[in-house]
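What follows is a set of notes on a single structure, which appears directly below.
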Amino acid sequence: MNYHNEQIENNPDAQQINECLNLATKILGDNLLGVYLYGSALVGGLQKYSDIDLLVVTHNATTSSEKNVLTKHLLHISGLYMRSAKRPIEMTVVEKRAVNPWHYPPRFDFQYGEWLRASFEIGDIEPQNYEMPDLALIITQVLLKSQTLFGEQPEKILAPVPYADFIKAMLQDLDRLAADIKDDTRNVLLTLARIWCTLETNTICSKPDAADWVIERLPKTYQAVMNRAKSICIGDENEYWEDIKASLKPCADWMLQEINTIKLSINPNKIAYKVSE
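Quick note: to get the numbering used here, add 102 to the position in the sequence shown (first position is 1).
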């Protein structure tokens with residue numbers, strides 16, 4: 103088996119990453135093609151509430167039994183969001199033929215994330231294998247900047263995502279995202295910031311970097327909102343919005359308006375995007 107453990111020896115979250123890697127190799131065996139670490143761990147660094155993001159690629163779809171075993175162990179490996187010293191794990195499993203040759207929308211085979219914990223703990227593990235537009239974003243990030251923990255380099259297994267499909271995936275459900283501003287304030291603000299920044303600069307950057315970029319372009323009235331979102335993200339402040347709650351929705355609406363304006367002039371034939379260092 104083609105391991106690349108040396109790449110994560112100096113990672114402070116190496117134990118959790120290795121537990122996930124060992125789980126995938128043990129359960130999936132010869133069906134496993136590659137395991138890739140991507141996201142905040144590679145772009146901007148893991149922040150206080152960051153997930154450990156992993157993409158797992160297989161020859162064939164996983165069985166119901168394999169999904170059950172993966173879930174059972176990931177419930178112990180993954181930390182509870184904002185309530186555990188361990189980091190939350192987001193593991194997405196895809197069958198190679200579902201994403202290469204590329205088509206949109208792609209389908210995923212299995213996904214573990216902390217937002218699914220309550221369902222998983224009562225044994226509600228659906229067959230999954232749904233259409234998942236977000237895979238366009240995940241695969242693009244993996245191809246641009248990732249660490250290969252097992253298997254071939256990602257460009258040998260994954261097909262590049264056309265720019266138009268990347269944009270389509272990024273802009274899906276924008277209104278629903280903005281509507282969550284009251285219940286998921288920090289994530290909504292930082293996600294809108296990253297979308298706006300990516301559309302304008304053609305660069306995939308970390309949430310703190312996106313916040314910095316947006317703060318310079320926001321009216322002064324809303325800059326405190328994004329400064330707060332960034333400070334909470336990097337662990338400098340605790341989650342607290344009561345003192346500026348009147349500005350939250352207007353700030354989100356402002357960014358949404360900017361995003362919608364840019365949407366009107368997007369060139370779907372653009373060639374590529376890059377990732378910030």
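Even for Gly, the Cβ is constructed at its ideal location relative to N, Cα and C.
Could you please give me the residues that DSSP links to residue i through a beta bridge?
i       : result
Asp-345 : Answer by DSSP bridge pairing: none, since Asp-345 is not bridged.
Gln-249 : Leu-139
Ile-283 : According to DSSP, which records beta bridges pairwise, Ile-283 is partnered with nothing at all.
Asp-155 : Tyr-140, Glu-192
Thr-160 : Leu-134, Glu-197
Glu-233 : Arg-209
Tyr-214 : Met-193
How would you call residue i, buried or exposed, if buried means at least 16 neighbouring beta carbons within 10 angstroms?
i       : result
Glu-192 : buried
Ala-348 : exposed
Gly-95  : The structure shown does not extend to residue 95, since the chain spans only 103 to 379, so no value can be given for it.
Ala-220 : exposed
Gly-337 : exposed
Leu-241 : Note that residue 241 is Ile in the sequence shown, not Leu. The residue in question, Ile-241, is buried, as its Cβ has 16 or more Cβ neighbours within 10 Å.
Arg-199 : exposed
Met-103 : Bear in mind that the predicted position of Met-103 carries a pLDDT of just 46, short of 50, making it too unreliable to give a figure here.
Ser-367 : exposed
Lys-169 : buried
Gly-136 : buried
Arg-189 : buried
Glu-197 : buried
Ile-224 : exposed
Asp-226 : exposed
Met-184 : exposed
Pro-321 : exposed
Glu-216 : buried
Lys-150 : exposed
Gln-359 : exposed
Asn-304 : exposed
Please determine, among the options, the residue with the shortest C-alpha to C-alpha distance to residue i.
i       : options                            : result
Ile-179 : Leu-245, Gln-255, Ala-295, Gln-118 : Gln-118
Lys-131 : Leu-245, Asp-277, Thr-160          : Position check: residue 131 holds Gly in this sequence, whereas Lys was assumed. It is Thr-160 whose Cα lies nearest to the Cα of Gly-131.
Asp-311 : Glu-339, Arg-296, Pro-264          : Arg-296
Ala-187 : Leu-218, Leu-294, Asp-153          : Asp-153
Cys-122 : Thr-173, Gly-141, Leu-144          : Thr-173
Tyr-214 : Arg-185, Leu-177, Ile-241, Pro-235 : Leu-177
Phe-252 : Gln-274, Thr-300, Leu-139          : Leu-139
Asn-362 : Val-201, Leu-157, Cys-299          : Cys-299
Gln-243 : Val-290, Ile-346, Leu-144          : Leu-144
Ile-346 : Lys-332, Thr-323, Glu-360          : Thr-323
Asn-222 : Thr-293, Glu-339, His-175          : Per the sequence shown, the amino acid found at residue 222 is Phe instead of Asn. Checked all of Thr-293, Glu-339, His-175; the closest Cα to Phe-222 is His-175.
Asp-155 : Ile-259, Leu-239, Asp-285, Asp-282 : Leu-239
Tyr-265 : Asn-369, Leu-157, Leu-218, Met-234 : Asn-369
Leu-261 : Leu-276, Asp-275, Leu-237, Ala-281 : Here the sequence assigns Ala to residue 261, which means Leu is not the residue at that position. Of the listed residues, the one whose Cα sits closest to Ala-261 is Leu-237.
Asn-162 : Ala-116, Phe-210, Asn-120          : Phe-210
Val-218 : Leu-182, Met-234, Lys-309, Leu-291 : Sequence check: residue 218 is Leu here, not Val. Cα-wise, what sits closest to Leu-218 is Leu-182.
Kindly give me the distance between the Cβ atoms of residue i and residue j, rounded to whole angstroms, as I take these residues to be in contact under 8 Å.
i       : j       : result
Leu-164 : Phe-212 : The identity of residue 164 in the sequence shown is Thr, whereas the question assumes Leu. That pair is a contact at about 6 Å.
Ile-364 : Glu-318 : Not quite, the Cβ-Cβ distance comes to about 16 Å (not below 8 Å), so this is no contact.
Leu-148 : Ser-142 : 5 Å
Ile-334 : Leu-246 : So it is not a contact: roughly 27 Å between Cβ atoms.
Trp-356 : Thr-287 : Not confirmed; about 15 Å, so no contact.
Return yes when the C-beta of residue i is under 7 Å from any heavy atom of the ligand GDP, and no when it is not.
i       : result
Asn-202 : Absence of the ligand GDP is noted for the structure shown, with no ligands found whatsoever.
### Query
Counting Cβ pairs closer than 8 Å, one from the stretch 193-213 and one from the stretch 254-271, do we hit at least three?
yes
### Message
Using 8 Å as the cut-off, can you tell me whether the stretch 182-200 makes contact with the stretch 117-131, which would need three or more C-beta pairs spanning the two stretches below that distance?
### Response
yes
### Message
Is it the case that the stretch 349-368 contacts the stretch 326-337, given that we only count it when at least three CB pairs across the two stretches are under 8 Å?
### Response
yes
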